[in-house]
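Take a look at the structure below.
Numbering (the numbering used here), first residue to last: 5 to 364.
This is the structure we're talking about:
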């Protein structure tokens with residue numbers, strides 16, 4: 005890590021000088037690129053400089069301890085304890101800062117929710133999850149946009165897709181992908197018995213045209229009349245769009261918008277996001293069989309969280325965390341669970357040694 009820090013500090017000082025160069029300042033694109041890199045390195049260099057200072061303080065305190073008595077000895081001992089604690093904190097900070105950046109960090113997020121096991125109750129649960137994430141996005145100050153939906157007969161969702169955008173949206177929402185199980189008495193249950201149902205959540209980084217090219221020859225586009233719950237037609241024009249990506253077989257349908265062009269644009273957003281995530285997952289699997297084993301077979305198909313209405317309990321099985329505030333979680337208060345998942349992911353990456361970054 006020390007070798008890498010030295011290299012990053014040298015790069016930082018060079019950037020500092022180049023950002024003061026009038027020729028660089030005149031080139032806005034180049035200046036912006038260098039300024040972004042400078043901003044990335046600034047907290048790393050600041051922590052490294054502080055760590056060196058506290059390391060020197062440790063050496064000075066130890067020297068003082070060897071030849072001091074009385075009050076001076078006590079002062080040196082306190083200074084040593086404080087400096088060692090600061091050094092440990094700074095080392096942990098640097099390990100975290102040196103972790104490779106998630107390539108999807110900063111991207112908008114596309115989310116799809118589908119009712120799974122449990123019939124109409126699963127569709128109602130899918131709507132509850134949609135409203136949970138809508139409220140969570142509002143709490144975080146994220147932008148929230150519905151891309152498309154298919155309502156079920158009792159007001160739930162067979163499926164719904166939406167986009168969220170904002171600070172750390174991917175960092176937090178990526179951990180929501182998987183099977184969400186609910187234990188409650190369905191509105192259709194006349195005997196008051198508790199049923200277990202589920203809905204699946206899929207989370208993708210939004211991709212643009214540069215990330216995923218979609219030539220016309222790879223797409224089959226079908227148009228049809230949009231339909232409501234139960235399949236009845238709700239439109240007199242062929243505004244709904246179904247796009248099939250021929251190389252992969254992926255199919256995306258959209259019908260919420262009034263025009264065919266709008267529905268096609270929304271469908272392409274979802275299709276690009278799915279294809280980008282599939283490509284990234286394939287690359288990650290090829291690069292690390294160990295990582296694939298850790299996340300399980302497919303990851304998204306695994307049960308990740310259970311919501312129990314009787315006990316007002318929410319349990320996230322990945323971090324073994326249980327909170328007894330179901331109503332607040334459903335109202336969007338997801339931070340405690342989200343914080344634990346982000347911390348666990350960071351701890352896993354640190355344990356894998358990514359923070360050392362190899363030799364610079």
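From the three backbone atoms N, C-alpha and C, an ideal C-beta is built for every residue, glycine too.
A quick note: this is a predicted structure, and the numbers were derived from the prediction, not measured.
Check your understanding: Given a threshold of 16 other Cβ atoms within 10 Å of its Cβ, counted over all protein chains shown, does residue 74 qualify as buried or as exposed?
Key -> For the purposes of this step, residue 74 is identified with residue 70 of the chain shown, where counting begins at 1. Its Cβ having fewer than 16 others within 10 Å, residue 74 is exposed.
Practice item. Flag this pair as touching only if the segment 162-180 and the segment 83-94 have three or more C-beta atom pairs under 8 Å; answer yes or no. Key: no
Exercise for review: Could you tell me whether the segment 128-148 touches the segment 206-218, where touching means 3 or more Cβ pairs closer than 8 Å?
Suggested key: no
Check your understanding: Any idea what DSSP makes of residue 110, helix, strand or coil?
Key -> Walking along the chain shown from the start, residue 110 turns up at place 106. In this structure, residue 110 counts as coil in the three-state DSSP scheme.
Review point. Candidates 186, 108, 243: which alpha carbon is nearest residue 284's?
Key: The residue labelled residue 284 in the question sits at position 280 within the chain shown. Minimum Cα distance to residue 284 is reached at 108.
Review point. So, is residue 331 buried or exposed, given that buried needs 16 or more other C-beta atoms within 10 angstroms?
Key: Within the chain shown, the letter at position 327 stands for residue 331. So residue 331 ends up on the exposed side.
Practice item. Report the rounded CA-to-CA distance for residue 31 versus residue 271, giving the unit in angstroms. Key: As a position in the chain shown, residue 31 is number 27, starting the count at 1. As a position in the chain shown, residue 271 is number 267, starting the count at 1. Using only the alpha carbons, I get a separation of about 38 Å.
Review point. In whole angstroms, what is the alpha-carbon distance linking residue 353 and residue 43?
Key: As a first step, residue 353 is located in the chain shown; it is residue number 349 there, counting from the start. As a first step, residue 43 is located in the chain shown; it is residue number 39 there, counting from the start. About 23 Å.
Point to revise | Pairwise C-alpha distance: residue 204 and residue 327 | key: One-based indexing of the chain shown puts residue 327 at position 323. One-based indexing of the chain shown puts residue 204 at position 200. Looking at the two C-alpha atoms, the distance is approximately 21 Å.
Review point. In this structure, what does DSSP give as the bridge partners for residue 161?
Key: For the purposes of this step, residue 161 is taken as the residue at position 157 of the chain shown. Its beta-bridge partners are 155.
Check your understanding: According to the neighbour-count rule (16 or more other Cβ atoms, all chains shown, within 10 Å of its Cβ), is residue 267 buried or exposed?
Key -> Taking the first residue of the chain shown as position 1, residue 267 is located at position 263. Under this definition residue 267 is a buried residue.
Review point. Taking Cβ positions, are residue 320 and residue 345 nearer each other than 8 Å?
Key: Reading the chain shown from its first residue, position 316 is the one you call residue 320. Reading the chain shown from its first residue, position 341 is the one you call residue 345. Yes, they are a contact pair.
Review point. Relative to the C-alpha of residue 80, which residue among 98, 61, 23 is closest?
Key: Here residue 80 refers to the residue found at position 76 of the chain shown. Closest by alpha carbon: 61.
Check your understanding: Is the segment 307-319 touching the segment 146-156, taking contact as three or more C-beta pairs under 8 Å?
Key -> no
Exercise for review: Give the range of the alpha helix (DSSP H) segment to which residue 29 is assigned.
Suggested key: Stepping through the chain shown from its first residue, residue 29 is reached at position 25. Element bounds for residue 29: 26-30.
Practice item. Could you tell me the distance, in whole angstroms, from the CA atom of residue 257 to the CA atom of residue 139? Key: Within the chain shown, numbered from 1, the residue matching residue 257 stands at position 253. Within the chain shown, numbered from 1, the residue matching residue 139 stands at position 135. Each residue's Cα considered, the two are about 25 Å apart.
Review point. Do residue 98 and residue 55 have their C-beta atoms within less than 8 Å of each other?
Key: Here the question's residue 98 lines up with position 94 in the chain shown. Here the question's residue 55 lines up with position 51 in the chain shown. Yes.
Review point. Beta-carbon of residue 115 versus every beta-carbon of chain C: anything under 8 Å?
Key: No chain C appears in this structure, which consists of one protein chain only.
Check your understanding: Within 10 angstroms of its Cβ, does residue 178 collect 16 or more other Cβ (buried), or is it exposed?
Key -> Against the chain shown, residue 178 aligns to sequence position 174. Classification of residue 178: buried, given that the 10 Å Cβ count is 16 or more.
Check your understanding: Among residues of its own chain, excluding the 5 on either side of residue 78, which ones have a beta-carbon nearer than 8 Å to its beta-carbon?
Key -> For the purposes of this step, residue 78 is identified with residue 74 of the chain shown, where counting begins at 1. Nothing meets the Cβ criterion.
Review point. Around the Cβ of residue 141, are there at least 16 other Cβ atoms within 10 angstroms (buried) or fewer (exposed)?
Key: As a working note, residue 141 is residue 137 in the chain shown. Result: buried.
Exercise for review: Just list the beta strand (DSSP E) runs in the segment 176-225, keeping only unbroken ones of 3 residues or longer that don't cross its boundaries, in chain order.
Suggested key: 182-188, 199-209
Review point. Leaving out the 5 sequence neighbours to the left and right, which residues in its chain are closer than 8 Å to residue 69 when beta-carbon positions are compared?
Key: For the purposes of this step, residue 69 is identified with residue 65 of the chain shown, where counting begins at 1. Cβ within range, chain order: 77, 80, 81, 84.
Check your understanding: So what's residue 76 in DSSP terms, helix, strand or just coil?
Key -> As a working note, residue 76 is residue 72 in the chain shown. DSSP places residue 76 in helix when its eight states are reduced to three.
Practice item. Mind checking who residue 245 pairs with in its DSSP beta bridge? Key: Here residue 245 refers to the residue found at position 241 when the chain shown is read from its first residue. 227, 258.
Check your understanding: Quick one, are the C-beta atoms of residue 113 and residue 173 less than 8 Å apart?
Key -> Position 109 of the chain shown holds residue 113. Position 169 of the chain shown holds residue 173. A contact, by the Cβ cut-off of 8 Å.
Check your understanding: According to the Cβ coordinates, are residue 230 and residue 259 closer than 8 Å?
Key -> Within the chain shown, the letter at position 226 stands for residue 230. Within the chain shown, the letter at position 255 stands for residue 259. Contact: yes.
Point to revise | residue 21 to residue 222 span [Cα, whole Å] | key: For the purposes of this step, residue 21 is taken as the residue at position 17 of the chain shown. For the purposes of this step, residue 222 is taken as the residue at position 218 of the chain shown. About 48 Å.
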